[in-house]
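Everything below concerns the one structure shown next.
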Amino acid sequence: MRRLLFAANWKMHLGPDEARVYLKTFRARYNRRDDREVWFFPPGVSVEAAAQAARDRNDLVVGVQDVYWEPKGAFTGVISAPLAAQAGARAALVGHSERRHIFGETDDDTRRKVSAALHATLVPVLCVGETLAERDAGHTLAVVMRQLSAALGSLDGPAMSRVVVAYEPVWAIGTGRNATPQDASAVHREIRAWLTGRGADAPRVLYGGSVNVKNAAALLAERELDGVLVGGASLDPEGWAQLVQTGAA
Ligand code: PEP
81 MRRLLFAANW KMHLGPDEAR VYLKTFRARY NRRDDREVWF FPPGVSVEAA AQAARDRNDL
141 VVGVQDVYWE PKGAFTGVIS APLAAQAGAR AALVGHSERR HIFGETDDDT RRKVSAALHA
201 TLVPVLCVGE TLAERDAGHT LAVVMRQLSA ALGSLDGPAM SRVVVAYEPV WAIGTGRNAT
261 PQDASAVHRE IRAWLTGRGA DAPRVLYGGS VNVKNAAALL AERELDGVLV GGASLDPEGW
321 AQLVQTGAA
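If you want it as structure tokens, here you go:
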């Protein structure tokens with residue numbers, strides 16, 4: 081059975097108190113379903129509060145939006161994977177387009193971050209995707225494959241099997257534009273082939289970019305999509321509870 085994964089990226093929203101209130105509302109609106117999991121990526125300061133608020137529901141997973149690759153030390157302002165795990169995180173976003181394009185994160189940084197997350201037993205959710213200029217130039221697959229090989233190319237099969245990949249075209253994030261279900265599906269097929277060709281067992285590939293309650297069902301009707309990574313439409317707990325009940329496994 082396909083198990084759908086709905087991941088919420090709260091970006092720089094919702095502090096600890098707001099996270100607790102959010103989770104309370106969400107849990108009142110969404111009962112566990114065996115065919116899906118819901119993951120939350122709060123800002124670092126809210127990870128512990130969110131993890132506590134979700135602690136007795138193993139279908140609800142809390143992760144961190146970014147990690148630094150060193151485990152500890154004099155690195156002011158960043159969070160390591162072991163520290164995030166100590167706060168209750170079970171997953172880490174890596175290479176989100178806002179990290180790559182606003183903060184200058186490189187492909188090599190994503191490789192180190194994936195490795196650090198795996199060492200700390202966090203599930204890395206590697207974000208890949210092309211800019212509009214790259215898409216218009218016909219370079220979508222070349223960019224995505226470059227990002228995959230840079231971040232994951234040195235992993236063995238068991239490690240590769242623990243990674244989740246999110247295909248997030250940069251031009252679709254926070255813009256209200258999204259890839260058609262068929263376009264997304266075609267890229268997902270290539271990502272899945274790349275992962276399975278390198279030993280990943282049943283890899284999960286999510287789609288992200290302006291997903292909302294109106295377009296989620298059409299996207300998830302594509303069997304290539306194992307779930308969605310959602311920013312803006314995940315910030316309201318009632319709307320998110322509705323969105324996560326979309327789609328059939
Ligand atoms: C994201 O932040 O990963 C994202 C896909 O954002 P949005 O849903 O707002 O486009």
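Add 80 to the 1-based position in the sequence shown for this note's numbering, that's all there is to it.
Ideal placement from N, C-alpha and C gives every residue a C-beta, glycine not left out.
None of these values were measured; they are calculated from a predicted model.
Can you give me the C-alpha to C-alpha distance between residue i and residue j, rounded to a whole angstrom?
| i | j | result |
| --- | --- | --- |
| GLU248 | SER177 | 8 Å |
| ASP189 | LEU103 | 32 Å |
| GLU270 | LEU305 | 12 Å |
| ALA108 | THR276 | 38 Å |
| PHE106 | ALA131 | 14 Å |
| ASP146 | VAL203 | 12 Å |
| ALA196 | PRO162 | 8 Å |
| VAL267 | ALA301 | 15 Å |
| GLY184 | TYR110 | 37 Å |
| TRP251 | PHE86 | 21 Å |
| ALA321 | ARG113 | 12 Å |
| MET81 | GLY307 | 13 Å |
| ARG180 | GLU214 | 15 Å |
| ILE182 | LYS91 | 13 Å |
| ARG192 | ASP263 | 30 Å |
| GLY218 | ALA88 | 30 Å |
| SER265 | VAL224 | 14 Å |
Can you tell me whether residue i is helix, strand or coil according to DSSP?
| i | result |
| --- | --- |
| ARG116 | strand |
| LEU309 | strand |
| PRO317 | helix |
| PHE155 | coil |
| GLY277 | helix |
| SER290 | coil |
| ARG284 | strand |
| PHE183 | coil |
| PRO162 | helix |
| LEU300 | helix |
| GLY124 | helix |
| TYR110 | coil |
| VAL243 | coil |
With a threshold of 8 Å, establish whether the CB of residue i neighbours any heavy atom of the ligand PEP.
| i | result |
| --- | --- |
| HIS176 | yes |
| VAL285 | no |
| LYS91 | yes |
| GLY288 | yes |
| GLY254 | yes |
| VAL310 | yes |
| VAL291 | yes |
| ALA171 | no |
| SER195 | no |
| ALA301 | no |
| SER126 | no |
| LEU314 | Looking at the sequence itself, residue 314 is Ser, so the reference to Leu does not match. Yes; taking the cut-off as 8 Å, the Cβ of SER314 has a heavy atom of the ligand PEP nearer than that. |
| GLU270 | no |
Please classify residue i as buried or exposed, where buried requires at least 16 neighbouring CB atoms within 10 angstroms.
| i | result |
| --- | --- |
| GLN166 | exposed |
| ASN138 | exposed |
| LYS294 | exposed |
| VAL310 | buried |
| GLY175 | buried |
| GLY143 | buried |
| ARG135 | exposed |
| ALA169 | buried |
| LEU330 | The question about residue 330 has no answer here: the residues shown for the chain are numbered 81 through 329. |
Any C-beta of chain C sitting closer than 9 Å to the C-beta of residue i?
| i | result |
| --- | --- |
| THR211 | The structure shown contains no chain C; it holds only a single protein chain. |
Does the count of Cβ pairs from the region 252-259 and the region 281-293 closer than 8 Å reach three? Output reads yes: the region 281-293 touches the region 252-259.
Is the number of C-beta pairs between the region 233-253 and the region 275-287 that are closer than 8 Å three or more? With a cut-off of 8 Å on Cβ pairs, the region 233-253 is in contact with the region 275-287, counting three or more such pairs.
Touch test, the region 146-165 against the region 205-213, Cβ-Cβ under 8 Å, three pairs minimum: Contact between the region 146-165 and the region 205-213 is absent: fewer than 3 CB-CB pairs across the two stretches fall below 8 Å.
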